[in-house]
Amino acid sequence: MYDTQNGYSMATDAFPTLVTPNTPPFDQLELAKEAQRHVCRNSDAARKYTSFYVAGVYGGIATAYALGCSLRCIFCWSVSRDHQIGGRVSFYSPDEVLEELLGAARRKGVKRARISGAEPTLCKAHLLKLLPLVEESDFESFILETNGTMFGLDISYAREVAQYEKVHIRVGLKAGSPAGYQRRTGALGVDYKLPFRAVKNLLEVGASFHVAAMTDVRLMSAEERKLLIQQLAELSPRLAANLEEEVCDRYPSTQRRLEAAGVDIIDFFVRRKPLDPLP
Ligand code: SF4
617 MYDTQNGYSM ATDAFPTLVT PNTPPFDQLE LAKEAQRHVC RNSDAARKYT SFYVAGVYGG
677 IATAYALGCS LRCIFCWSVS RDHQIGGRVS FYSPDEVLEE LLGAARRKGV KRARISGAEP
737 TLCKAHLLKL LPLVEESDFE SFILETNGTM FGLDISYARE VAQYEKVHIR VGLKAGSPAG
797 YQRRTGALGV DYKLPFRAVK NLLEVGASFH VAAMTDVRLM SAEERKLLIQ QLAELSPRLA
857 ANLEEEVCDR YPSTQRRLEA AGVDIIDFFV RRKPLDPLP
């Protein structure tokens, strides 16, 4: 199927592009492999990107906008329409990505960089060639925002990434229970601990990282949030105390996903009371 409005062709019928209440849960490892087949080119360690620009977050950050993810979060804001992964986008080598990032950074005078819009760890060969280039560049830091799947599966991958001093990892937890994971990511709930395993692995290899979680009260119950924080605290009380709690912004792309999932959120500022101290 070809999307004339956005220029992306649907890569496969085997996985959902939008999660609805009736979507059967998928195996995220199978989806990761399917996405890798389309967005990672191992012969020259290239990856598919759509654009390079500077975003306002993190005080200004050069951003390489990639394609391909192993999840289908209902709160995702990625504008690569429904994560369709074929179509009119280009492969970029690690050298080309660095050049584009540096160009964007120079134009706006920023010193940080990241990959966004997708799962940055999906194309391992690409990332492991890009990071040493970033390390040698003028960038002061590289923020790696990940859903944790790949680092949860492969501690050696986590170790390789952790060696770079400029890399700071942000692991995004999606749920504190199997049911919550399945509902919000579309993936089988049995895999909900993979991001927690990523946290464990990153601790073990001494990575520079922190943890974020989409605990928006409109998407996650207070009970599940408590479970999530407890499980994180079992791994590291420090990480739990410093958890970055996310609130869902209603970008048009997010709104479309929420509507498909049958979730109606209204705009309001969420002010949570701090949880009771953990036992
Ligand atoms: S929010 Fe992140 S992990 Fe979830 S679908 Fe979007 S890019 Fe993937």
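Residue numbers (this note's numbering): 617 to 895. Using N, Cα and C, we set each Cβ at its ideal position, and we do this for glycine too.
Closer than 8 Å: residue i CB and nearest the ligand SF4 heavy atom
i, result
"F631", "no"
"A734", "yes"
"R786", "no"
"C656", "no"
"S667", "no"
"T636", "no"
"F825", "no"
"R723", "no"
"K790", "yes"
"R812", "Before going on, a small fix: residue 812 reads as Phe here, not Arg. False, no ligand heavy atom lies under 8 Å from that Cβ."
"C689", "yes"
Coil, strand or helix - residue i by DSSP
i, result
"I759", "strand"
"E752", "coil"
"K664", "strand"
"A829", "strand"
"I881", "coil"
"T679", "strand"
"S706", "strand"
"V783", "strand"
"S732", "strand"
"D698", "Caution applies to D698, whose pLDDT of 46 falls short of 50 and renders its modelled position unreliable; the value that the coordinates give is listed next. Here D698 sits in helix by DSSP."
"F631", "coil"
"F691", "coil"
"G802", "coil"
"A823", "coil"
"R834", "coil"
"A791", "coil"
"Y674", "helix"
"Y669", "strand"
Beta-carbon gap between residue i and residue j smaller than 9 Å
i, j, result
"L769", "V783", "no"
"G796", "P641", "no"
"A828", "R786", "yes"
"E875", "D832", "no"
"K790", "M766", "no"
"F668", "A651", "no"
Assigned exposure category for residue i - 16 Cβ within 10 Å defines buried
i, result
"I677", "buried"
"V635", "buried"
"D865", "exposed"
"N858", "exposed"
"V872", "A small correction: the amino acid at residue 872 is Arg; Val does not occupy that position in the sequence shown. Answer is exposed; the Cβ neighbour count stays below 16."
"D807", "buried"
"Q779", "exposed"
"I690", "buried"
"S694", "buried"
"A662", "buried"
"V655", "buried"
"A627", "For A627, the predicted model reports a pLDDT of 44, less than 50, meaning its position is unreliable and no value from the coordinates is stated."
"L724", "Note on residue identity: the sequence assigns Lys, not Leu, to residue 724. K724 is exposed by the Cβ-count criterion."
"I731", "buried"
"N658", "exposed"
"D698", "Confidence at D698 is low in this model, with a pLDDT of 46, below 50, so its placement is unreliable and the value that follows should be read with caution. Buried, by the Cβ-count rule."
"G822", "exposed"
"N638", "exposed"
Segments of 3+ residues assigned as beta strand (DSSP E) that fall wholly inside the region 840 to 868
Runs found: none.
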